[in-house]
Each structure stands twice: as structure tokens, then as C-alpha cells.
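Under the working numbering, the final residue of the sequence shown carries the number 769; numbering is consecutive throughout.
We put the CB at the ideal spot given by N, CA and C, even for glycine.
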Amino acid sequence: MNNYDAIIIGAGSVGTPTAHFLSQKGLKVLVLEMRAASGQGDNKAAIGGVRATHSDPGKIQTCIESLKIFSTWEEEYGFDMGWKPGGYCFPVYEEKTEEVLKGLLPTQKNYGLKIDWINKHKVAEIVPGINTENLRGGTYSPEDGQVSTLLAPIGFQREAQKNGAVFQFNEKVIKYELKNNKLTSVITDKKKYSAGVVILANGADAAEHGPLLGMDIPVVPDTHEAGISAPVKQFLAPLIVDLRSGPEGKTTNFYFGQNREGQIIFCYTPKELFIGTDRESQSEFMPIIANRMISLIPRLQNLLIRRVWRGCYPMTPDGVPIIDFAPEIDGLFLAVGMCGQGFMLWPGAGKNIASLIVDKKPIISEEANNFFRYDRDFYAAKKEALK
Ligand SMILES: Cc1cc2nc3c(=O)[nH]c(=O)nc-3n(C[C@H](O)[C@H](O)[C@H](O)COP(=O)(O)OP(=O)(O)OC[C@H]3O[C@@H](n4cnc5c(N)ncnc54)[C@H](O)[C@@H]3O)c2cc1C
């Protein structure tokens, strides 16, 4: 009973869609999760933004698949994941940002993405009440959207279970057994299991499993805070990303949107990173984000804030996830280092790895797939920048 075709460690943003796609292909799947339910790690810290409008082919092609899956999930499986179309809008106030975003458009359009530069009047139309002083215009990608991070893991888990996948909660993986570089068993605080392939999808804790497996897993988490308001009447269709640095000197970009329930959900990227996994909220978050949001859209001053939280971005040195077979351990697949985009990447990436594992070929192009390889030079971009 303890032998499976695939074991997934972690039932989060990564683990739950992976369980769905692997079990859909007929594999006998076991998911081991140390928490009491799916999606209770950093998955539920995400604000649920899903966009394909990235700058590299790996993320673009993977998120195109994710968008197809999220936007048709209810139709296909009769379960509402809180999908809200409405796109992403990056309003732009600075010349340099305009150049950068316009520079990405040819690549993005090359992959068939619907994204364009729009003038300031159009931005003001789709972002009602936006501050138009010095507004230059912005990018708008109407086919991106939002999903509930609370509902999505339940949807994936439910379908995986229908296909026979087993979810074991409150069970922590603590050890592995290897023989001649083959991963032979996974040991939890309760039992010992074996499988043809083990998928490591344990988010912010990935690096801790490096020494247990005798390899380096270059994932360092840093934390980001977010919050949500009480619901207000729907007025904001797209998610908004403001790429400016904040006047308070502590923030870089910030992003927010209005979910299907009418709540405004928001977070920012701190200038100085908070390295580690301390998920306690900080007193500076609300005053800073409130100022930024109100100066962008003054009518947001009337919002009632319901709660705040802090979660991790499991970061790799180059900000790109690792989605690859471990090079020196037979039977181990690494699905770690999701950075700030694990929620949006994983339906597409889960479908891709199910195809890699079962059909031995990716559903995205080889070029795109290579972006996620473990054996890449994680410091290549930094070295290039220093030249
Ligand atoms: C404020 C904030 C906003 C964000 N917004 C977005 C967004 O809009 N869109 C987006 O795409 N991403 C967003 N993210 C990023 C996203 O949350 C992460 O990239 C993603 O959740 C990581 O997924 P994961 O499956 O790797 O980790 P998790 O979802 O944390 O899953 C890992 C699971 O593994 C389990 N686990 C760990 N160790 C063990 C063990 N030894 N045994 C058993 N189980 C174990 C954990 O309990 C956990 O459930 C945001 C993050 C934050 C903090």
C-alpha cells in the first residue's frame, strides 16, 4: 500500500495542480503535506494574479497554459475557482519605464499575447479615478486575470482525488533513502513510502531538503506582506502594477486588484528584502501601502481594511523557478524556487511536468523548458550586468 507511481511533497500552489495532471494521466499519486489541508502554505499568501505577459519564453508559454486552465476550469469541472477576467494594467509615469515596457511588447506579441501600449485617456477609462498627473499611458493585457488562491487548491485536489490520488495531511517528510544515486524511499514522521518518481514541491522549505538528499537546492525565501479590504462595489476590472519606487524609500513596485467578491487585495515589494520565513505582520506595512494606493487612486481612501498577512517568495538566485529532473538523483523531480509567481505558473507547469514524466516530452517548447533547468548558470544575468 505504500508504493506509488508518483509522490508529491507539498500540497501547495505547485503540488495540487501537479497531483491533478499526473493522476489524470493514470498515475497512482500520493501527496504528502505537513499542514492540515491543501494550499495552507505560501499558496494562500498570494493575491491570485495570473498573467502570461512576462519577458521570457519559459514563463510566457507556461502561463498561457495556466490561463487556459484557470479560465475554463468551472466549465470543465463544475467547480468555481473565483476566476475573474479583466487583465493587467501597468500605468506608467516615468519615461524609462515606458521604454522598458514598450521594449518587451514585440517578444510578448510574438507569443500571441494580447498586450498593447494604451494612452493615458484609455488608462483612465479602465482604471477609474486614477491620478492622471504625469501619467504617460501604460500597458494593458485584457486576457490576464485573477483566481482565488483559497479555492484553487481545493479544485485541483478534488479532481485529483476523483482520479484516485491520495492526500495525506499532517504528515511531514523528514528523510530520504538513496541507493546508487536512486531515490528509493521517502520517510515521513509516520511512515515510509516508495515511488517511481518523487516531486519535491515544498516551497519555502526546499533548501532544507538539500542536505537530506545530498545536493544543493538554491532556494532562499524572503517575505512579502499583503492585505485585503472589505468588499466595495465592483469598479476595477484589471490588476494594477505600479512599477515606481515609493517616496518613503522602502518600496519598489506595488500591485493590487479587486476580486470577484469586490474586495481590494494588495501588496508591495520591499526595497530591502526580509530574508527568511518569519511571517509576522509588520506595523510599517499598512501606512506605506495605504499612502501608495491613495496617491495612485485617491478614492481608495474610503476602503475599510479587513486583514493583513505575510508570506514567502521562495527565491532562486536568478528569480526563475527550478522545474527539472534532479541531475544526479534518479527518480527525483525538482519543482521549487517559485519566487513571486508560483500560483500563476503551476497549472501550466503541472500539465507540462505530467507530460515530461509520462510522455517524456514537454508541452511547451524546448527553448521555454530550458529556462527552468537546474543546471543553468543561476548568476548569468548578474555576471552580464557587471560586464
Ligand atoms: C504577498 C504575496 C503575494 C503573492 N502574489 C502572487 C500572485 O499574485 N501570483 C502568483 O503567481 N504568486 C504570488 N505569490 C507567490 C506564491 O505565493 C508562491 O510562489 C507560491 O505559493 C509557491 O508555491 P509552492 O507550492 O512552492 O509553495 P507552498 O504553496 O507554500 O506549498 C508548499 C507546501 O509544502 C508543504 N511542506 C513543506 N515542507 C514539507 C515537508 N517536509 N513535508 C510535507 N509537506 C511539506 C508546506 O506545508 C506547503 O503546503 C505571492 C506571494 C506572496 C507572499
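Would residue i pass as a contact of residue j if the rule is Cβ separation under 8 angstroms?
{"i": "Glu-662", "j": "Pro-439", "result": "no"}
{"i": "Gly-537", "j": "Tyr-459", "result": "yes"}
{"i": "Ile-569", "j": "Ile-391", "result": "no"}
{"i": "Gly-693", "j": "Ala-427", "result": "yes"}
{"i": "Val-623", "j": "Phe-472", "result": "yes"}
{"i": "Leu-532", "j": "Asp-462", "result": "no"}
{"i": "Val-396", "j": "Ala-583", "result": "yes"}
{"i": "Pro-593", "j": "Asn-425", "result": "no"}
{"i": "Glu-525", "j": "Leu-404", "result": "no"}
{"i": "Ser-453", "j": "Lys-496", "result": "no"}
{"i": "Tyr-637", "j": "Gly-431", "result": "yes"}
{"i": "Phe-715", "j": "Ile-745", "result": "no"}
{"i": "Ser-437", "j": "Leu-487", "result": "no"}
{"i": "Gly-585", "j": "Val-529", "result": "no"}
Please classify residue i: is it buried, with 16 or more other beta-carbons within 10 angstroms of its beta-carbon, or exposed?
{"i": "Gln-353", "result": "Outside the modelled stretch of the chain, which goes from 383 to 769, sits residue 353, for which no answer is possible."}
{"i": "Arg-681", "result": "exposed"}
{"i": "Lys-733", "result": "buried"}
{"i": "Thr-521", "result": "buried"}
{"i": "Ile-350", "result": "This structure does not reach residue 350, given that the chain is present from 383 up to 769, and the question cannot be answered."}
{"i": "Asn-516", "result": "exposed"}
{"i": "Gly-658", "result": "exposed"}
{"i": "Ala-542", "result": "buried"}
{"i": "Thr-444", "result": "buried"}
{"i": "Ser-747", "result": "exposed"}
{"i": "Asn-751", "result": "buried"}
{"i": "Ser-665", "result": "exposed"}
{"i": "Gln-616", "result": "exposed"}
{"i": "Leu-717", "result": "Sequence check: residue 717 is Ala here, not Leu. Buried."}
{"i": "Ala-434", "result": "buried"}
{"i": "Leu-768", "result": "exposed"}
What is the DSSP secondary structure of residue i, reduced to helix, strand or coil?
{"i": "His-503", "result": "helix"}
{"i": "Leu-828", "result": "With the chain represented from 383 up to 769, any question about residue 828 goes unanswered, as that position is not in the structure."}
{"i": "Gly-431", "result": "strand"}
{"i": "Asp-571", "result": "coil"}
{"i": "Gln-422", "result": "coil"}
{"i": "Ala-388", "result": "strand"}
{"i": "Leu-714", "result": "strand"}
{"i": "Lys-564", "result": "strand"}
{"i": "Leu-792", "result": "There is no way to answer for residue 792, as the model of the chain reaches only from 383 to 769."}
{"i": "Arg-692", "result": "strand"}
{"i": "Thr-479", "result": "helix"}
{"i": "Glu-766", "result": "helix"}
{"i": "Gln-616", "result": "coil"}
{"i": "Gly-519", "result": "strand"}
{"i": "Phe-754", "result": "coil"}
{"i": "Met-697", "result": "strand"}
{"i": "Leu-404", "result": "helix"}
Between the C-alpha atoms of residue i and residue j, what's the straight-line distance to the nearest angstrom?
{"i": "Leu-484", "j": "Trp-499", "result": "For the sequence presented, residue 484 should be read as Lys rather than Leu. Distance between the alpha carbons of Lys-484 and Trp-499 is about 7 angstroms."}
{"i": "Val-579", "j": "Lys-564", "result": "10 angstroms"}
{"i": "Val-482", "j": "Arg-518", "result": "13 angstroms"}
{"i": "Val-376", "j": "Gly-713", "result": "The first residue shown for the chain is 383 and the last is 769, placing residue 376 beyond what the model contains."}
{"i": "Asp-706", "j": "Arg-758", "result": "11 angstroms"}
{"i": "His-606", "j": "Gly-423", "result": "14 angstroms"}
{"i": "Thr-651", "j": "Ala-419", "result": "28 angstroms"}
{"i": "Ser-611", "j": "Pro-467", "result": "20 angstroms"}
{"i": "Pro-709", "j": "Ile-735", "result": "16 angstroms"}
{"i": "Ile-446", "j": "Phe-551", "result": "31 angstroms"}
{"i": "Ala-763", "j": "Lys-478", "result": "20 angstroms"}
{"i": "Lys-743", "j": "Arg-642", "result": "37 angstroms"}
{"i": "Asn-635", "j": "Gly-722", "result": "13 angstroms"}
{"i": "Met-726", "j": "Asp-604", "result": "18 angstroms"}
{"i": "Ala-356", "j": "Leu-685", "result": "Lying before the first or after the last residue shown, residue 356 is absent from the chain, which here runs from 383 to 769."}
{"i": "Gln-539", "j": "Ala-731", "result": "16 angstroms"}
{"i": "Lys-554", "j": "Lys-574", "result": "11 angstroms"}
{"i": "Gly-546", "j": "Ala-401", "result": "10 angstroms"}
{"i": "Gln-406", "j": "Glu-507", "result": "43 angstroms"}
{"i": "Lys-653", "j": "Met-697", "result": "15 angstroms"}
{"i": "Asn-385", "j": "Glu-559", "result": "14 angstroms"}
{"i": "Glu-630", "j": "Lys-572", "result": "49 angstroms"}
Would you mind working out which of the options sits nearest residue i, comparing C-alpha positions?
{"i": "Arg-674", "options": "Cys-649, Arg-689, Ile-687", "result": "Cys-649"}
{"i": "Asp-598", "options": "Ser-405, Asp-587, His-606", "result": "Asp-587"}
{"i": "Arg-688", "options": "Met-697, Phe-725, Gly-644", "result": "Gly-644"}
{"i": "Gly-421", "options": "Lys-544, Phe-549, Ala-589", "result": "Phe-549"}
{"i": "Ser-567", "options": "Gln-640, Asp-387, Pro-696", "result": "Asp-387"}
{"i": "Leu-409", "options": "Ser-737, Arg-755, Ile-745", "result": "Ser-737"}
{"i": "Phe-336", "options": "Thr-398, Val-601, Met-416, Val-509", "result": "Since the first residue of the chain shown is 383 and the last is 769, residue 336 is not available in this structure."}
{"i": "Val-509", "options": "Arg-417, Ile-679, Phe-656", "result": "Ile-679"}
{"i": "Pro-613", "options": "Leu-655, Ile-442, Ile-647", "result": "Ile-647"}
{"i": "Asp-660", "options": "Met-668, Tyr-695, Gly-628", "result": "Tyr-695"}
{"i": "Gly-856", "options": "Tyr-475, Val-690, Ala-672", "result": "With the chain covering 383 to 769 only, the question about residue 856 has no answer from this structure."}
{"i": "Arg-626", "options": "Ile-512, Glu-457, Glu-476", "result": "Glu-476"}
Any beta carbon of chain B sitting closer than 8 angstroms to that of residue i?
{"i": "Val-413", "result": "You won't find chain B in this structure, because it holds only one protein chain."}
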